[in-house]
Each structure stands twice: as structure tokens, then as C-alpha cells.
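K.L.:
When you number the sequence shown by this note's numbering, it's gap-free, plus one each residue, and the end is 407.
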Amino acid sequence: MVTRDREHPPTPPPEPDLTPEALLARVTQLAPGLTDRQAETERRTFYAPDVHEAFTRAGLYRILVPRRYGGYEFGVDTFFRVAMTLARACPSTGWMYLFGAAHALPVATLFDRAAQDELFRDGDFICPLTVVPSGTAERAGDGHWRITGTWGYCSGAPFATHFAAHTLVPGADGEPEPMLFVLPREQWERLDDWGGQLGLRGSGSHSIVVRDALVPDRFTRRVHLSQVSPATDALGRQLHASPEYGGGQLSFMLLELGVLAAGMARGALDAYEELLLSRTTIYPPIHDRVDDADYQFRYAEAHALIDTAEAAVFDAVRQWRELCEDPATVTRAEELRLALVSREAARLCWRAVESQLFPTAGSSAVRRGERIERVWRDMSMMRSHGGLGVFLAHQANREFTRERFGR
Numbered sequence: 001m002v003t004r005d006r007e008h009p010p011t012p013p014p015e016p017d018l019t020p021e022a023l024l025a026r027v028t029q030l031a032p033g034l035t036d037r038q039a040e041t042e043r044r045t046f047y048a049p050d051v052h053e054a055f056t057r058a059g060l061y062r063i064l065v066p067r068r069y070g071g072y073e074f075g076v077d078t079f080f081r082v083a084m085t086l087a088r089a090c091p092s093t094g095w096m097y098l099f100g101a102a103h104a105l106p107v108a109t110l111f112d113r114a115a116q117d118e119l120f121r122d123g124d125f126i127c128p129l130t131v132v133p134s135g136t137a138e139r140a141g142d143g144h145w146r147i148t149g150t151w152g153y154c155s156g157a158p159f160a161t162h163f164a165a166h167t168l169v170p171g172a173d174g175e176p177e178p179m180l181f182v183l184p185r186e187q188w189e190r191l192d193d194w195g196g197q198l199g200l201r202g203s204g205s206h207s208i209v210v211r212d213a214l215v216p217d218r219f220t221r222r223v224h225l226s227q228v229s230p231a232t233d234a235l236g237r238q239l240h241a242s243p244e245y246g247g248g249q250l251s252f253m254l255l256e257l258g259v260l261a262a263g264m265a266r267g268a269l270d271a272y273e274e275l276l277l278s279r280t281t282i283y284p285p286i287h288d289r290v291d292d293a294d295y296q297f298r299y300a301e302a303h304a305l306i307d308t309a310e311a312a313v314f315d316a317v318r319q320w321r322e323l324c325e326d327p328a329t330v331t332r333a334e335e336l337r338l339a340l341v342s343r344e345a346a347r348l349c350w351r352a353v354e355s356q357l358f359p360t361a362g363s364s365a366v367r368r369g370e371r372i373e374r375v376w377r378d379m380s381m382m383r384s385h386g387g388l389g390v391f392l393a394h395q396a397n398r399e400f401t402r403e404r405f406g407r
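(1) Just to confirm, are R185 and T161 a CB contact at a threshold of 7 Å?
(2) Any idea if E244 is buried or exposed, counting beta-carbon neighbours within 10 angstroms, 16 or more meaning buried?
(3) Should S364 be labelled buried (16 or more other beta-carbon atoms within 10 Å of its own) or exposed?
(4) Using the DSSP secondary-structure output, state which residues sit across from M179 in a beta bridge.
(5) Counting only C-beta atoms, is A234 closer than 7 Å to chain D at any point?
(6) In terms of alpha-carbon separation, which member of V132, V27, R201 lies closest to R452?
(7) Straight-line CA distance for R377 to G199?
(8) Taking the alpha-carbon of H303 as reference, which of R343, Q356, L277 has the nearest alpha-carbon?
(9) Three-state secondary structure (DSSP) at S229?
(10) Using the rule of at least 16 other Cβ atoms within 10 Å of the residue's Cβ for burial, across every protein chain shown, is Q395 buried or exposed?
(11) For the beta strand (DSSP E) containing L408, list its first residue and its last residue.
(12) L60: which of L18, D142, T45 sits nearest, CA to CA?
(13) Helix, strand or coil, according to DSSP, for T150 in the structure here?
(14) For D270, name the three-state secondary structure that DSSP assigns.
(15) Check whether the Cβ atoms of W188 and I208 lie closer than 7 Å to each other.
(16) Contact between the segment 123-134 and the segment 162-172: three or more CB pairs below 8 Å?
(17) List the whole-angstrom C-beta distance separating G71 from R62, where the pair is believed to meet the contact cut-off of C-beta under 8 Å.
(18) Taking its Cβ as the centre, do 16 or more other Cβ atoms sit within 10 Å of R266, making it buried, or is it exposed?
(19) Just verifying my parser: in three-state terms, what is the DSSP assignment at Y283?
(20) By how many angstroms is the C-alpha of F80 removed from the C-alpha of C324?
(21) Candidates V330, L269, A312: which alpha carbon is nearest R371's?
(22) Name the DSSP bridge partner or partners of E42?
(23) According to DSSP, simplified to helix, strand and coil, what is S342?
(24) Please determine, among S92, L23, R367, P133, the residue with the shortest C-alpha to C-alpha distance to H224.
(25) When you compare only the Cα positions, how much space is there between R4 and L180?
(26) Where does P327 fall in DSSP's three states?
(27) Ordered along the chain, which non-local residues of its own chain (more than five positions away) have a Cβ less than 7 Å from that of S342?
(28) Measure how close the beta-carbons of T136 and T93 come, nearest whole angstrom, since I'm counting them as under 8 Å.
(29) For the segment 361-402, which segments carrying the alpha helix (DSSP H) assignment without a break, of at least 4 residues, lie completely within its bounds, in sequence order?
(30) Is it buried or exposed for G171, if we count other Cβ within 10 angstroms and need 16 for buried?
(31) Whole angstroms are fine: how far does the CA of R351 sit from the CA of L86?
(32) Checking 7 Å against the spacing of the C-beta atoms, do M382 and V353 come in under that value?
(33) Could you give the distance in angstroms between the alpha-carbon of A333 and the alpha-carbon of S251?
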């Protein structure tokens, strides 16, 4: 049942009749300009203010915001398709957008009505969220925490309206336990410390500093995002109409990586197509690459790998949405199973780029700043991500098997 708050009536979105299809069409129109500005985005370390304004006008920061707060509540399928389209055009832009706008979903899922009434009051919601506990939190009295610390890799920080992270606090038994918290923009500062990495230099993944911020209890939850149980922790199920505000947070978080990988790899394939049509073979007989049997083989091989990855990750998204209908079905084993599908999708995309497209594009096509070279750097960086390169690489396999057999 969806509750109604007489003091806070639902706020209509800016375009009440906007459809997911129309929104996706807008993104498709924006994409070519993002490709043309990739070098600029890397130099700045985040996408431009006018791009942010275009995203705002298009409604991209409201896709996952609940309808009652002026959002479009279009759901994760639409959100992921938008993010994949952006990553295809510019990996850094897609990464920064996704990890800024995605966290409307966990906030709408995990926090109660009093918190959401405040956090979503402006409609647009951009909130980097980090999973590594850091900083300190001390009781400040009168239902508040005093939080201080620095959190790295806060993708989406440059235009963020909020920031969410974890810290450790004493549990009931005195042992440290994680606490998730959310802060509005005026309570934190972004550092200028991004851009020197191998890839994703324009992803806006700066560090965020919090200094003695007073955080009310309603903006905190004694839980780690990766350990959420929808059956007990999803307060949003009682507040919003969509069952997606009661889904698995671990699997949602890790499906993001498969979606981004599919978009990045598709961008590399776009660049490879241009090379097939514009360049010739090196050795006689000299003819267009598109007419060469070896290039034809490489292109089709990469195409099949990327198509398979995209099909797999979006079928996993479909399964994620189906599980939302009944929170009892969102078990740890199911969450891990879907996350592992996302891992395999990312691996297929890397295989397409690393073994088929990058080695045969030609040395001039992988010079610094060329599109395929940039995708290779960005995907190399992605493989070091804590979710893909650490948790999904080993730990998730072991945990899934234990869960599957009740060990």
C-alpha cells in the first residue's frame, strides 16, 4: 500500500507527459556532441556545465527519483539504457552520470518519509555514494551525529546535490559496524584531485571532504549498502508505488558495471566501423579493410561478444525487476547470481576490445586521444574497480557457492 502524506502532497515532474521513449530519443540526440568533446572532458576532469544543463533540461537527473517528489520514476531499465548510450558516446561522461544519478534508487529505498521529504525536495538528485567506510562519526546529542573525514572516488561529485558514504560506529556489542549517511551539498567540499589516472579521466571521481558535519539520525542507516535485506530494510516499499524501491541494492550496484562496459565497448566498435570504411589494408592486395576477410572476422567476433554482453546484462536487469515484486525472493544468492552475470558481461566486452578491436585498429588509431585508445584506457581502469576487480573477481564466487548450498 502506498501511503499519502497530507502535509507533503505529490509534486508533479516538470513534464508530466514525458515518456521513457521520448527521453531516450533526447539522449540519442545529445550523444554525438559528447563524442566530439571527449578530450575536453578529460582535460576538465568532468563533463562541461552546459552538458550538465542539457542533462537537467532533458530530465536525466529525475529518472529514478520517485514520482511523488517531482521525479519521473521511469525505473532501472530506462536509466541503464540512458547510461549505456552516454557511455557509448563518452565513457567518462557515462560513468560520471551513472554514478551520480543512480543513487536516487537506494535513497528512495532505504530512508523513511521524513528523510526523503527533505532529500528529494529539489527534484533533481545527483549523489555520489562510496562503499569503503572512512572518517569518524561521534554522537553530538539531540539525535545527531558529528561526521568528519575524506572519501575518495566520488564519481559525479562536480554537479552533485548530495553525497552518501559509509563510516564505522560502535554497534550494540561495542564492535564497529557500518553506518550509511547522506549529506546535502552545503555540508561537504570537493577536492581537485582527479584526472591523473590511466583512464576515466573525465569521470568526475574526485574526493569529498566532510568537516564536522551535523547529520540528523533520519539521514543515517545502520547498514552497509552491500548487505541490505529488502525484506527488512526497504522502507520505500511503503511509500512509493514502484516495487523497484524495494529491490536488491548489491545487485543493482554491480549491474551498473556491466551496463557501462557494454556502452564503452559499443563505442569502440563504432570507431572500428569507421576504420573499416575509411582505411585500406597495409600489404598487397591493397583494398578497403571492410573487404578484407581478416578484418571481417575480427569485426564480427567483436560484434557478437558485445551483443551477447548487452543481452545478458539487460536480461539480468529484467530478472532484477521481477524479483522486486516479492521482497522475499531477493535473497543473497539471487543478488550474487545477477551480479556475476554482470561480471561476465563486462568480461565479454573487455575481450572484444582487448583481443579483437584494439590490436587490429592500427598504431595510428591507438595514439593518445584516439577513440579506441581512450576506450581501451577507460576499460583498463574499469577492470581495477573495487566491485569488478576485487569483489566480483573472487569473493562473489565463493560467497555465491556457500549461499547456494547453505554452507
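In this text, a Cβ means the ideal position worked out from N, Cα and C, and glycines have one as well. Small disclaimer: the values here were computed from a predicted structure and weren't measured.
P.N.:
If we stick to the structure as given:
(1) Closer than 7 Å, so yes.
(2) Burial call: buried.
(3) Residue burial annotation: S364 is exposed, with fewer than 16 other C-beta atoms found within 10 angstroms of its C-beta.
(4) As computed with DSSP, M179 is found in a beta bridge with T167.
(5) Among the protein chains of the structure shown there is no chain D, as only one such chain exists.
(6) The first residue shown for the chain is 1 and the last is 407, placing residue 452 beyond what the model contains.
(7) The straight-line gap separating the alpha-carbon atoms of R377 and G199 is approximately 5 Å.
(8) When only C-alpha atoms are compared, the closest one is Q356.
(9) Coil.
(10) Exposed.
(11) With the chain running from 1 to 407 in the structure shown, residue 408 is simply not present.
(12) Nearest in C-alpha terms to L60, of all of L18, D142, T45, is L18.
(13) If DSSP states are grouped into helix, strand and coil, T150 belongs with the strands.
(14) Correct three-state label for D270: helix.
(15) Contact annotation: W188 and I208 have beta-carbon atoms nearer than 7 Å.
(16) As far as the Cβ criterion goes, the segment 123-134 touches the segment 162-172, which means the pair count is three or higher.
(17) That belief holds up - the Cβ atoms of G71 and R62 are roughly 4 Å apart, short of 8 Å.
(18) It counts as buried.
(19) Assignment of Y283 by DSSP, reduced to helix, strand and coil, places it in the coil class.
(20) Those two C-alpha atoms are separated by around 17 Å.
(21) For R371, the nearest C-alpha among the options comes from L269.
(22) E42 pairs with nothing; no bridge assigned.
(23) S342: helix per DSSP, three-state reduction.
(24) Checked all of S92, L23, R367, P133; the closest Cα to H224 is P133.
(25) The pLDDT assigned to R4 is 40, lower than 50, so where the model puts this residue is not dependable; a value taken from the coordinates is nonetheless given after this. Rounded to whole angstroms, R4 to L180 spans 26 Å at the Cα level.
(26) Helix.
(27) In chain order, L254, L255, L257, G258, V313, A316 place their CB closer than 7 Å to the CB of S342, counting only its own chain and leaving out the 5 sequence neighbours on each side.
(28) A Cβ-Cβ distance of about 34 Å is found for the pair T136 and T93, leaving them out of contact under the 8 Å criterion.
(29) Here the runs fully enclosed are 371-382.
(30) Around the beta-carbon of G171, fewer than 16 other beta-carbon atoms lie within 10 Å, marking it exposed.
(31) Rounded to whole angstroms, L86 to R351 spans 21 Å at the Cα level.
(32) 7 Å or more divides the Cβ of M382 from the Cβ of V353.
(33) One C-alpha to the other measures close to 10 Å.
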